[in-house]
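The structure appears below as structure tokens.
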Amino acid sequence: MIKLSEINRKEALRYMGSGNLKANEAMNSLMDKCEEKILSVAEVKYLYKKIPLKESGLLLGNDIKNHLKSCENAVILCATTGAGIDRLIRTAQVTDMAEAVVLDALASCAVEQICNKLDKLIANEYSDKYLTYRFSPGYGDYPLELQGEFLRLLDAPRKIGLCTNENSLLTPTKSVTAIIGLSDKPVERKRRGCACCNLKETCKYRKTGEHCEL
Amino acid sequence: MNFNELIKKDFVLLDGAMGTMLQKSGLKLGEIPETLNITNPEAIISIHKAYVEAGSEIISTNTFGANSYKMKNCGYSVTELIGAAVKNARSAARDKALVALDIGPIGQLLEPAGSLSFERAYEYFKEEVLAGKDADVIFFETFTDLLELKAGVLAALENCEKPVVASMTFEENARTFAGVSVACAALTLEGLGVSALGVNCSLGPDELSPIVKEFTSITSLPIFVKPNAGLPDPNSNSYNVSAEDFAESMDKITDFGTVKLVGGCCGTTPDYIRALKDVISNKSYKKAKIKTDTAVCSATTAVEINQPRIIGERINPTGKKLFKQALINNDIDYILSQAISQVKAGADILDVNVGLPEIDEKEMMVRVIKALQAVVDVPLQIDSTKPEVLEAALRIYNGKPIINSVNGEEKSLSTVLPLVKKYGASVVGLTLDENGIPKTAEGRFEIAKRIVERAKALGIPSKDVYIDCLTLTVSAEQSACKQTLKALNRVKNELGCKTCLGVSNISFGLPNRPLINHIFLTMALEEGLDLPIINPNDELMTGSVRAYKVLSDIDKNSRDFIEAYNEVKTQAPKIASSHVSLFDAIVNGLKGEAGALTEKALESKDAMEIVNGDLIPALDKVGADFESNKIFLPQLIQSANVAQVCFEVIKKYLQKNNNAPVSKGKIILATVKGDIHDIGKNIVKVLLDNYGYTVVDLGRDVAPELIVETAIKQDIKLIGLSALMTTTLKSMEDTIALARKTPELQNEDGSSKVIFFVGGAVLTADYAEKIGADYYCKDAKESVDTAKKVFGN
Chain A
28 MIKLSEINRK EALRYMGSGN LKANEAMNSL MDKCEEKILS VAEVKYLYKK
78 IPLKESGLLL GNDIKNHLKS CENAVILCAT TGAGIDRLIR TAQVTDMAEA
128 VVLDALASCA VEQICNKLDK LIANEYSDKY LTYRFSPGYG DYPLELQGEF
178 LRLLDAPRKI GLCTNENSLL TPTKSVTAII GLSDKPVERK RRGCACCNLK
228 ETCKYRKTGE HCEL
Chain B
543 MNFNELIKKD FVLLDGAMGT MLQKSGLKLG EIPETLNITN PEAIISIHKA
593 YVEAGSEIIS TNTFGANSYK MKNCGYSVTE LIGAAVKNAR SAARDKALVA
643 LDIGPIGQLL EPAGSLSFER AYEYFKEEVL AGKDADVIFF ETFTDLLELK
693 AGVLAALENC EKPVVASMTF EENARTFAGV SVACAALTLE GLGVSALGVN
743 CSLGPDELSP IVKEFTSITS LPIFVKPNAG LPDPNSNSYN VSAEDFAESM
793 DKITDFGTVK LVGGCCGTTP DYIRALKDVI SNKSYKKAKI KTDTAVCSAT
843 TAVEINQPRI IGERINPTGK KLFKQALINN DIDYILSQAI SQVKAGADIL
893 DVNVGLPEID EKEMMVRVIK ALQAVVDVPL QIDSTKPEVL EAALRIYNGK
943 PIINSVNGEE KSLSTVLPLV KKYGASVVGL TLDENGIPKT AEGRFEIAKR
993 IVERAKALGI PSKDVYIDCL TLTVSAEQSA CKQTLKALNR VKNELGCKTC
1043 LGVSNISFGL PNRPLINHIF LTMALEEGLD LPIINPNDEL MTGSVRAYKV
1093 LSDIDKNSRD FIEAYNEVKT QAPKIASSHV SLFDAIVNGL KGEAGALTEK
1143 ALESKDAMEI VNGDLIPALD KVGADFESNK IFLPQLIQSA NVAQVCFEVI
1193 KKYLQKNNNA PVSKGKIILA TVKGDIHDIG KNIVKVLLDN YGYTVVDLGR
1243 DVAPELIVET AIKQDIKLIG LSALMTTTLK SMEDTIALAR KTPELQNEDG
1293 SSKVIFFVGG AVLTADYAEK IGADYYCKDA KESVDTAKKV FGN
């Protein structure tokens, strides 16, 4: 079972301004308060499943074909921090917008951390295979619209209450879907670089020479 | 045999799983099970037959996901799929079993968690209900959102004559994914008029056992239980409870009483049904004892009226200038903040009244209830004099509400009570009629009796009628107070009804009103008042209720009292105000200091001088600091919030001196259609507000038509649009395109009257230009810069 114990503050601070700037005392105590709330409200849920790629209907676009070129099978996964987090952030937007922004940033980090732990869990389970890094609908030319199909294959609406809306956005919002390729041959285990990121044109981190931890 | 006859039996045996049986028989990855009704009917019929042979008395059609949202790309219509499915089931059932139309969730979350509206959900379900016209009964199964289930149940009850069974899926913490509790599900569904209700899926019978037990203590309706065959192994997908163990556990569950319809969900097979049949065939049915008194609920919180409960009265425009203004300006956030502060102060239930001649009360009531449900957990009391407003609110209310109110007038009785019955609400009964308010306790008691009798005749239990014996002003009629209290006592003891009372009217016209109010409240509590309607923010009133509960041995070990008053007060920032300037207070986000500092400044300075000399420069400084990465976004917002406190003080000062504050310009903000990520838009709103602009916030998932209509109606020339995802950028483009071709928004020379600024994570300046936006704003700060440019201030 994956549990959430501590949230990566540095990454959260990056979402809220800059990774190079140090938080002052007031900012830190706001982060403490918000982290406590996130940890008490979050209900971590996830699913994963090994699937054969052939005829899966999931190989749409060049980026994913390239990413999974040496793989016959893959693990599809999804994870969420639950509907309570959305409600928490929504309520904070009425009572204290500053708190809402911190909660939002921490929750985004939390779901990312869950996925990182899920990566490790899957890597252990398939230790006889070579694994690609986690690739999500919305990266590069991989259509966001596939999120609904991922969830359907995982039976996620019924099993963990994770759905998409008509525009393929995940609800609850602090959630992720992704695919990890399984290969018998070594795969280039490179980072998820900026090259396939949709935000590369507008990314404020890139402009300052930083990059995010995705 | 029909369903209503069948449930007269001790137990009714249902079927087991369809989905996991299909998987075993070789359903391919990605294949949609519902299409097999048409492409491979033999496979479906043989599963149905196996269950009928095992003894199932009702079998469920293979239609769990057969709604037009999930089936949109499958090549068949809902009518075709469900028609075929019912036919398949019928051919297996013959005259040995009934056929249940099985309906599962739509597969999209309803507002506020998702973006599917209640009304749209209703339409999806209605289509399924009509397509299943040849079934005998309708089973709604595996629901996790109570409001979605309510949409389904209403769609069924309003569009066919079939009995309806409603079942939800709970996790081990006895909540659904959406946070719905057992009590909330039971109270709401029983009120809506289902024939049976219960639980299915997610867990095995042993894990579901405590959840079923709780159901039996709340509802007397037959309970439906279909557990999984334990829990699945993630790799092999096989379940861990055998048919024998399953039956043994179900034996214990049926011992609770009230449980009547039994079967299995995922992982169960005809063997499980056979084993279950052996267990129930020698048992007789009994009813469990109900432990719950009358209760009302939201989707997540049930409030039992078994002790005094506070109803917060602040969401009501009567006599409140700011509230009226908020309604007229569509300022929902103001109303929400009123709600949250009352709940924090100790309200158990909130009264909601938005009646104002200047606005469309029905539309506003629906908007406010939807918004309230998204942020507060307490049950609501829907307060209106108009039946059509009450009904619109009752439809979309997620839980069991209180209706405020019905009275002894024939017109009221005949219009309000049927709504109370249909939607399963509780109701406040006012002891007045065509002849006004009776002077004597006897007169009021008689009206109360009449209301209760009329309610009973419609099938509304008297425990759900809360009688209000009406508070009259003691300064006008001093003896009236005793009559109210006497009537209250009689209603409570002779009719056995719960009572409610608006309290603060009592002191009108007297000095030291709080003193009178709080003594009157105490007297009324002693006479048996259950639901005081008060201002919970008034510490003396809320405190009186808390103290009363200690002194009358309700609050055991004074636990709630101690919790309310033992809290360590958080310390205010330790900065001596004499050393802080207004400018520094804003820059450092010192909210506690800012109001007093502004007041002090107004003693020596002109209001506009403070705005332009202190507030705006301070906001500009934090804006610049944010831009150059010297502070974090929450700090920028904190400063903006402090500035807002200052602006409020100045506004009040100007109003007092008859200088209406001048808005720098009106701006529409909206997160575009389909997009539900609205935090970015809300940050922009905070900043624009605090720079003195008037923001008309249309919310998230906003249709282009509404944006254009608002711009025309309110004559607004600047519109800000936000979209987070690539998939919703199209809506942004559509909105701008619609505005550009709307004649009312064009100048005579053909140029556009409205200016668009756009923002959002995936937007680029190039893209903004491509879709016809006038300005691209990379962050909230740039939105303010844009507004300054457009309005020239």
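So the protein lines, in turn, are chains A and B. Numbered continuously in our numbering, the first sequence closes out at residue 241. Numbered continuously in our numbering, the second sequence closes out at residue 1335. The C-beta atom is built at its ideal place from N, Cα and C for all residues, glycine as well.
Positions of the beta strand (DSSP E) runs, each at least 3 residues long and wholly inside the region 554 to 581 of chain B, cannot be given because no such run exists.
Rounded to the nearest whole angstrom, the CA to CA distance from T1277/B to K614/B is 26 Å. Counting only Cβ-Cβ distances below 7 Å, C190/A has contacts in chain B at G649, Q650, L651 and G656, in chain order. Of all residues in the region 1215 to 1241 of chain B, the ones placed with a Cβ closer than 9 Å to any Cβ belonging to chain A are K1215, G1216, D1217, I1218, H1219, D1220, I1221, N1224, I1225, K1227 and V1228, in chain order. Across the structure, G1051/B and A1018/B are spaced so that their CA atoms are roughly 8 Å apart.
Look at the beta carbons and you see the region 621 to 628 of chain B not touching the region 839 to 858 of chain B: under three pairs across the two are nearer than 8 Å. Taken through DSSP and simplified to helix, strand or coil, I112/A comes out as helix.
Look at the region 1147 to 1174 of chain B: the residues with a C-beta under 8 Å from a C-beta of chain A are F1168, N1171, K1172, I1173 and F1174.
In the structure shown, the three-state DSSP call for F681/B is strand. Under the 10 Å beta carbon count, N93/A is surrounded by fewer than 16 other beta carbons and is classified as exposed.
Put simply, the region 206 to 213 of chain A does not touch the region 664 to 680 of chain B. Fewer than three CB pairs are less than 8 Å apart. Where Q923/B is concerned, the enclosing beta strand (DSSP E) starts and stops at L922 to D925. A distance below 6 Å between beta-carbons, with the five flanking residues on each side excluded, links K1227/B to the following residues of its chain, in chain order: L1211, V1237 and D1239. Using a CB distance cut-off of 7 Å, Q174/A does not count as an interface residue toward chain B. For K1133/B, the closest C-alpha among the options I1179/B, D1102/B and I1218/B is that of I1179/B. The C-beta of Q884/B comes no closer than 7 Å to any C-beta of chain A.
G740/B is a Cβ neighbour of I765/B, given a cutoff of 7 Å. Under the criterion of beta carbons closer than 8 Å, G561/B and I815/B do not qualify as touching, at roughly 16 Å. Rounded to whole angstroms, A125/A and P1176/B show a C-alpha spacing of 4 Å. Scanning chain B for C-beta atoms nearer than 8 Å to the C-beta of T108/A yields nothing, as the closest lies near 12 Å away.
Flagged as an interface residue toward chain A: S879/B, by a C-beta distance shorter than 7 Å. Chain order gives no chain B residues near R161/A, where near means a beta carbon separation below 9 Å; the closest approach is about 19 Å. Three or more beta-carbon pairs drawn from the region 824 to 835 of chain B and the region 547 to 563 of chain B are found closer than 8 Å, and the two stretches are therefore classed as touching. In this structure P647/B is buried. Its beta-carbon is surrounded by 16 or more other beta-carbon atoms within 10 angstroms.
Chain B places a beta carbon closer than 7 Å to that of P184/A, counting this residue as a contact. Scanning the region 1021 to 1078 of chain B from its first residue to its last, the whole beta strand (DSSP E) runs of 3-plus residues come out as 1040 to 1044 and 1073 to 1076. The residue among A1149/B, L1161/B, I601/B and L1063/B with its C-alpha nearest the C-alpha of P850/B is L1063/B.
Taking the Cβ atoms as the reference, G971/B lies roughly 7 Å from D1010/B, within the contact range of under 8 Å. E599/B sits away from A559/B, with the two beta carbons spaced by 7 Å or more. Between the beta-carbon of S1046/B and that of N1077/B there is about 7 Å, and that keeps the pair under the 8 Å contact cut. Chain-order list of chain A residues neighbouring F681/B: empty, with the shortest C-beta distance near 15 Å, by a criterion of under 8 Å.
Here P747/B is actually not in contact with S780/B; their C-beta atoms are around 17 Å apart, not less than 8 Å. Residue pairing of L643/B in beta bridges, as defined by DSSP: I680/B. Along the region 117 to 151 of chain A, the positions whose C-beta sits under 7 Å from a C-beta of chain B are R117, T118, Q120, V121, T122, M124, A125, A127, V128, V129 and D131, read in chain order. Residue contact with chain A for A916/B: present (Cβ-Cβ distance below 7 Å to some residue of chain A). Non-local beta-carbon contacts of I1075/B in its own chain, meaning distances under 7 Å to residues more than five positions away in sequence, involve I853, E855, D893, C1042, L1043, G1044 and V1045 in chain order.
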